[in-house]
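Input: a single structure, listed below in structure tokens.
There are 2 protein chains.
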Amino acid sequence: MATRRLFGGIDLGGTKIQTVVVDDGHEVLGEARHPTPTSGGPARVAAEMAAATRDAMAAAKLEPGGLAGIGVGSPGDVDEERGTVSGARNLPDWEGSFELGQALAESLGAPVRVGNDVGVATQAEAQLGAGRAYRSLLGVFWGTGVGGGLVLDGRHWLGRGGAGEIGHMVVKLGGRRCTCGREGCMEAYAGRAAMEARARKLHDDGRKTDLFKTMRKHGRDRLTSGIWERALETGDKLARELIDEAVEALGAGIASAVNLLDVEAVIIGGGIGVRLGQPYAERIANEMRPHLFNDHRPPAVEVAALGDLGGAIGAALLVASSDAGR
Amino acid sequence: MATRRLFGGIDLGGTKIQTVVVDDGHEVLGEARHPTPTSGGPARVAAEMAAATRDAMAAAKLEPGGLAGIGVGSPGDVDEERGTVSGARNLPDWEGSFELGQALAESLGAPVRVGNDVGVATQAEAQLGAGRAYRSLLGVFWGTGVGGGLVLDGRHWLGRGGAGEIGHMVVKLGGRRCTCGREGCMEAYAGRAAMEARARKLHDDGRKTDLFKTMRKHGRDRLTSGIWERALETGDKLARELIDEAVEALGAGIASAVNLLDVEAVIIGGGIGVRLGQPYAERIANEMRPHLFNDHRPPAVEVAALGDLGGAIGAALLVASSDAGR
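The following block contains the structure:
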């Protein structure tokens, strides 16, 4: 027990904060999930992240101060050296740069490292999850937005620091306006935020749907992955239509990435991706097929094996692997 | 003179066969260009490649048998081990697999290595041309088709052997039919073969254009890069419209690739790319901009510095660098 070191991992998402406590064998000893605050800016988000970490520690029956380090997977522009996050578009009121690492280190009393959310989730799948068998893979995180992570020849590819923006590959010239302001991005069709905005507009225009009724019934203020899933199960026509468009856009965008990179595997993760699971991974693979140039040899398409916890486990790897290297 | 070794390079294109003779410092001592035969299949093409190589040798005042090795950059599916080429869609009557390396070695009396045309041209630009200053780049070869080559962290990225098919990235879901049979590919708008088919259809439908008149006047049977350039210069409206569409599709597709990979530079080569040069590289960069996610830091966009000879020089590198390694 004296030699076992424990690590915290925090996955900061647009909808939820997922935390884990893992041991040095990457086993999850405790976890917690809090909704991401929708107001109050970065300081409020950081306080909620700390609270969710304490809850995961309590679930692991761990005393305060018991973590050797905490890793964070964050959206936005992450400066890993300084532990700052700026331009986190999918987080509320996150203007300018915020010293997230320092705020959490002070609050939790342990060293903190901050990395890119999609990057750490991809690393987790590559090292511990559905990507273990492959040397090259594309992680596609289908959630509030659509993020991508690349492992090429066993190494995480970041380009000049900003690689992996698969959600903003253009799938339709002159197409739908994206939440990022650009036109025809894959995320404009497949991101949950964009899908919700589209559903709301069509509903306001008179289209029938139970999506918003179900949302209110479950006490939510946005269309979560669970609500989309329920609507598909009950045969809600608008929901089905929007998910069909999302799957079509994902198929085209992912096929484009595969035509460019010829990776061995595509791992589908993210809130909706994990929730809808294998049948939808297969639907995405089917939508990719007509666009694949090397169609005799499609890549494997698999659901993220670490599920909802992949991002948080990957975040913990930021400190667990740097610790191991010391 | 006794220690200087000379190498041949052959760039096999859908329209022309370009050959060079280079010394071990990569200096071009002689070159020749023959039209690619439009009938007779692989054997006829191989014979023309040998003839064009002999012409380059004659231009370099070199005796038969004077080459230490010959490299070939070929379209289609290249088996580098066996020197075979199959499925070369942009070459006439090239059904099944053909032992191109062996045919040329017998005809020219020197060892032959065959590589992918776009791959060798990208390597040439990365090592000797416009890409020398960059560790990561995307080569875009805008010609009969639109090919792509990737250098990531200084190494040529081939994936499982088929990477770089940037021409078949989807830029418009439900869009124009590509010459490959798929829908909405970048090449369906930007490839010279697709542009010619589109121009012919619109002309047959009654649109006015001098493209085909100019073609016949210059004794051509297809719309070469030079004919497109002339039509742009004389303000031919249909030509301008189709080139505008091509530039728009290139901008979207290349921006998508940059969003995914965040490379330092994009090198624009290929028959049309080199012919239209810097002003059109700038137009492509302008069309990329609205789609770039990291728009504060666009990649450099440059014209291939080795021009029309890049493919042939890159092909020679296949034997020159393997020779150097012995």
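Protein chains in written order, with this note's numbering: chain A, 1 to 326; chain B, 327 to 652. Even glycine gets a Cβ: it sits at the ideal position worked out from N, Cα and C.
| Check | Outcome |
| --- | --- |
| Can you pull the chain C residues whose beta carbon is under 9 Å from the beta carbon of glycine 490 (chain B), in chain order? | Judged by its chain identifiers, the structure shown contains no chain C, and its protein chains are A and B. |
| Since arginine 309 (chain A) and valine 20 (chain A) are thought to touch, with beta carbons under 8 Å apart, how far apart are those beta carbons, to the nearest angstrom? | Per the sequence presented here, residue 309 (chain A) reads as leucine, with arginine not at that position. Right, their Cβ atoms sit about 6 Å apart. |
| Secondary structure at histidine 296 (chain A), three-state DSSP: helix, strand or coil? | coil |
| Listing by chain order, which chain B residues have their CB less than 8 Å from the CB of alanine 252 (chain A)? | Val496, Leu499 and Gly510 |
| Could you check how far apart the C-beta atoms of leucine 62 (chain A) and glycine 30 (chain A) are, in whole angstroms? I think they sit under 8 Å. | 7 Å |
| Under the three-state reduction of DSSP, which class applies to aspartate 337 (chain B): helix, strand or coil? | strand |
| The alpha helix (DSSP H) spanning glutamate 513 (chain B) covers which residue range? | 513–516 |
| Counting only C-beta atoms, is glycine 636 (chain B) closer than 8 Å to chain A at any point? | no |
| Does the distance from the CB of histidine 482 (chain B) to the CB of glutamine 449 (chain B) come in under 8 Å? | yes |
| So, with DSSP's three-state summary, where would you put asparagine 585 (chain B)? | helix |
| Is the beta carbon of leucine 549 (chain B) less than 8 Å from the beta carbon of arginine 518 (chain B)? | yes |
| Might you give, ordered along the chain, the residues of its own chain that have their beta carbon closer than 6 Å to the beta carbon of glycine 651 (chain B), omitting 5 neighbours on each side? | Bear in mind that the predicted position of glycine 651 (chain B) carries a pLDDT of just 40, short of 50, making it unreliable; the figure below should be weighed with that in mind. Excluding sequence neighbours, glycine 651 (chain B) sits near nothing in its chain. |
| So which of A:Pro92, A:Arg54 and A:Glu248 has the shortest CA-CA distance to leucine 104 (chain A)? | A:Arg54 |
| For histidine 291 (chain A), collect the residues of the same chain with a Cβ closer than 8 Å to its Cβ; drop the 5 residues on either side in sequence, then sort them by chain order. | Gly251, Ala252, Ala255, Ser256 and Asn259 |
| Using a Cβ-Cβ cut-off of 8 Å (strictly less than) and excluding sequence neighbours within five positions of arginine 113 (chain A), which residues of its own chain qualify? | Gly69, Ile70, Gly71, Val72, Glu80, Gly83, Gly101, Leu318, Val319 and Ser322 |
| Just verifying my parser: in three-state terms, what is the DSSP assignment at glycine 473 (chain B)? | strand |
| So, does the CB of serine 400 (chain B) fall closer than 8 Å to a CB anywhere in chain A? | no |
| Taking the alpha-carbon positions, what's the alanine 300 (chain A) to asparagine 294 (chain A) distance? | 13 Å |
| Taking only beta-carbon positions, decide if leucine 100 (chain A) is within less than 8 Å of chain B. | no |
| State yes or no: is the beta carbon of proline 616 (chain B) nearer than 8 Å to at least one beta carbon in chain A? | yes |
| Can you give the Cα-Cα distance for leucine 202 (chain A) and lysine 172 (chain A), rounded to whole angstroms? | 20 Å |
| If arginine 177 (chain A) and alanine 188 (chain A) are in contact, beta carbons under 8 Å, what's the gap, nearest whole angstrom? | 6 Å |
| Along the chain, where does the alpha helix (DSSP H) containing threonine 540 (chain B) start, and where does it finish? | 537–543 |
| Quick check on glycine 340 (chain B) - is its C-beta less than 8 Å from some C-beta in chain A? | no |
| Using only the alpha-carbon positions, how far apart do methionine 327 (chain B) and arginine 623 (chain B) sit? | Any reading at methionine 327 (chain B) needs caution, since the residue's pLDDT is 47, under 50, leaving its predicted position unreliable; the model's value is listed next. Rounded to whole angstroms, methionine 327 (chain B) to arginine 623 (chain B) spans 48 Å at the Cα level. |
| Quick one, are the C-beta atoms of threonine 36 (chain A) and isoleucine 17 (chain A) less than 8 Å apart? | yes |
| Rounded to whole angstroms, how far is the Cβ of valine 140 (chain A) from the Cβ of glycine 273 (chain A), which I believe are closer than 8 Å? | 7 Å |
| Are valine 118 (chain A) and glycine 76 (chain A) closer than 8 Å when you measure CB to CB? | no |
| Using three-state DSSP, classify glycine 651 (chain B) as helix, strand or coil. | Confidence at glycine 651 (chain B) is low in this model, with a pLDDT of 40, below 50, so the placement of that residue should be treated as unreliable; the coordinate-derived value is given next. DSSP places glycine 651 (chain B) in coil when its eight states are reduced to three. |
| With a cut-off of 8 Å on the beta carbons, I'd call alanine 638 (chain B) and aspartate 337 (chain B) a contact; round off their distance for me. | 4 Å |
| Can you tell me where the beta strand (DSSP E) with proline 35 (chain A) in it begins and where it stops? | 28–35 |
| Just verifying my parser: in three-state terms, what is the DSSP assignment at asparagine 728 (chain B)? | Since the first and last residues shown for chain B are 327 and 652, residue 728 (chain B) lies out of range. |
| Does chain B have any CB closer than 8 Å to the CB of leucine 152 (chain A)? | yes |
| Could you tell me if aspartate 479 (chain B) is buried or exposed, where buried requires 16 or more neighbouring beta carbons within 10 angstroms of its beta carbon? | exposed |
| How would you label asparagine 286 (chain A), buried or exposed, when you count the other beta carbons within 10 angstroms and need 16 or more for buried? | exposed |
| Note down, in chain order, every chain A residue with its Cβ under 7 Å from the Cβ of asparagine 620 (chain B). | Gly162 |
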